[in-house]
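Below is one structure, written out as structure tokens, with a few remarks after it.
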Amino acid sequence: MPELPEVEIVRRGLQRSLQGDTLRRVDVREPRLRWPIADDLAVGPRDRALVDVARRGKYLLLDFSSGSLLVHLGMSGSLRFLPEPGAVGRHDHVDLVFDRGTLRYNDPRRFGSMIWHDAARGPVDAHPLLAGLGVEPLSPRFDGDVLFAASRGRTVSIKQFLLAGGAVVGVGNIYASESLFRAGIRPTVAAGRVSRPRYHALAEAIRLTLTMAIERGGTTLRNYVSTEGEPGYAQVDAVVYGRAGQPCRRCDAPIRAIRQQGRMTYYCPRCQA
DNA sequence: AGCTGGTCCTGATGGC
DNA sequence: TGCCATCAGGACCAGC
8 MPELPEVEIV RRGLQRSLQG DTLRRVDVRE PRLRWPIADD LAVGPRDRAL
58 VDVARRGKYL LLDFSSGSLL VHLGMSGSLR FLPEPGAVGR HDHVDLVFDR
108 GTLRYNDPRR FGSMIWHDAA RGPVDAHPLL AGLGVEPLSP RFDGDVLFAA
158 SRGRTVSIKQ FLLAGGAVVG VGNIYASESL FRAGIRPTVA AGRVSRPRYH
208 ALAEAIRLTL TMAIERGGTT LRNYVSTEGE PGYAQVDAVV YGRAGQPCRR
258 CDAPIRAIRQ QGRMTYYCPR CQA
């Protein structure tokens with residue numbers, strides 16, 4: 008599934024090939040995504056130039072002068088840039104037709120979303136879906152103090168605390184396990200009971216894990232992502248994720264799998280005290 | 001307010 | 001071989 012690194016790679020690809028280009032038409036073949044695609048999606052950005060492509064958490068923000076197109080890839084969404092549109096395939100739900108080519112949205116599970124935010128309604132950062140998001144993990148503002156401060160008094164596990172996105176965004180299920188392993192923190196410990204020094208280690212682990220994945224992904228994936236078809240690089244490189252019963256790469260103890268809030272978590276019972 | 005569990009959906013997987 | 005049940009997962013949301 009697209010985690011933050013993949014979304015960031017898509018963002019860069021979009022910027023490279025479509026920035027400055029004019030959107031002429033939106034073809035919606037299947038509006039039933041996480042929320043039904045509204046009619047204004049086809050109207051708001053029409054005949055406008057794509058000014059910038061930004062990212063907030065796992066949301067892509069296609070910024071036009073008239074507003075922003077919010078795109079979330081959900082679990083199985085992907086965007087492909089096609090100079091020539093070609094035949095429409097299964098789950099190809101939306102086409103954004105630019106002068107230079109077509110940006111095609113494909114999403115088998117339809118957990119993704121496409122939402123138009125008109126500039127007249129204020130800055131896109133204030134959009135309800137974005138307003139409550141935590142700090143960007145790759146920004147200079149992100150460090151252990153941010154996590155420490157946000158976690159005081161919280162009784163949920165550190166894993167759930169990370170996943171919730173209120174403190175830091177973009178740490179999905181895979182990277183939560185990976186980062187906690189690197190920081191030597193047990194996923195089940197209450198967020199409010201983790202010390203400041205350990206949060207500093209965790210923040211570094213998160214930054215490192217995500218940065219490495221972006222670098223790796225930049226060479227592994229081309230241009231536009233494809234979530235389907237390509238081997239998930241995150242899983243290929245996983246230290247603990249998906250490795251239940253296999254020896255810890257650091258200490259050889261068998262990796263343990265547990266379920267937290269219905270999500271799988273993997274950790275080393277010896278390295279993560 | 002914080003926390004839990006439900007929900008959407010389809011492709012992959014495994015048992016029979 | 002085919003069919004059916006189960007599961008995975010992002011993130012919002014209702015209900016306590």
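The opening residue of the first sequence carries number 8 in this note's numbering; numbering runs sequentially from there.
Glycine residues also receive a C-beta, built at the ideal position from the N, C-alpha and C atoms.
Beta carbon of residue i, beta carbon of residue j: below 9 Å?
| i | j | result |
| --- | --- | --- |
| Met8 | Leu77 | no |
| Ala284 | Leu154 | The chain is shown from 8 up to 280; residue 284 falls before or after that span and cannot be answered. |
| Asp59 | Leu68 | yes |
| Asp169 | Leu140 | Per the sequence shown, the amino acid found at residue 169 is Leu instead of Asp. Their beta carbons are not under 9 Å apart, which means Leu169 does not touch Leu140 by this criterion. |
| Arg117 | Arg39 | yes |
| Asp102 | Pro92 | yes |
| Ala56 | Arg18 | no |
Since residue i contacts residue j with CB under 8 Å, what's their CB separation in whole angstroms?
| i | j | result |
| --- | --- | --- |
| Gly199 | Ser158 | 6 Å |
| Val131 | Ser75 | 4 Å |
| Ile213 | Val178 | 6 Å |
| Asp28 | Ser73 | Between Ser73 and Asp28 the Cβ distance is about 15 Å, and since that is not below 8 Å, they are no contact. |
| Ala245 | Ile181 | 7 Å |
Quick one: is residue i buried, meaning 16 or more other Cβ sit within 10 Å of its Cβ, or exposed?
| i | result |
| --- | --- |
| Pro135 | exposed |
| Gly129 | exposed |
| Pro254 | exposed |
| Asp99 | buried |
| Asp54 | exposed |
| Thr216 | buried |
| Trp123 | buried |
| Ser202 | exposed |
| Thr272 | buried |
| Leu25 | buried |
| Gly119 | buried |
| Asp46 | exposed |
| Arg111 | buried |
| Ser146 | exposed |
| Ala127 | exposed |
| Ala94 | exposed |
| Ala220 | buried |
| Leu209 | buried |
| Pro238 | Here Pro238 scores only 42 on pLDDT, less than 50, and its place in the model should not be relied on; the value that follows carries that caveat. The residue in question, Pro238, is exposed, as its Cβ has fewer than 16 Cβ neighbours within 10 Å. |
For residue i, I'd like the list of residues in its chain whose CB is within less than 6 Å of its CB, leaving aside the five on either flank, ordered along the chain.
| i | result |
| --- | --- |
| Ala251 | Ile262 and Ala264 |
| Tyr66 | Leu77 and His79 |
| His207 | Gly151 |
| Trp42 | Ser120 |
| Arg31 | Val104 |
| Arg257 | Cys278 |
Short of 8 Å in beta carbon distance, which residues of its chain neighbour residue i, apart from the five on each side in sequence? Order them along the chain.
| i | result |
| --- | --- |
| Gln279 | Leu187, Phe188, Gly191, Ile192, Arg193 and Pro194 |
| Asp114 | Leu40, Leu80, Gly81, Ser83, Gly84, Ser85, His98 and His100 |
| Val176 | Leu11, Arg63, Gly64, Lys65, Leu140, Gly141, Val142, Glu143 and Pro144 |
| Val33 | Leu48, Ala49, Pro52, Arg53, Val101, Asp102, Leu103 and Val104 |
| Gly96 | Asn113 |
| Ala260 | Pro254, Cys275, Pro276, Arg277 and Cys278 |
| Arg266 | Thr272 |
I'd like the list of long-range same chain contacts for residue i, defined as Cβ closer than 7 Å, with 5 residues on each side in sequence excluded.
| i | result |
| --- | --- |
| Gln268 | Gln167 |
| Gly224 | Pro12, Glu13, Ile16 and Tyr240 |
| Thr162 | Ala197 and Gly199 |
| Gly160 | Gly199 |
| Arg205 | Ala190 and Ile192 |
| Gly172 | Gly64, Leu140 and Gly141 |
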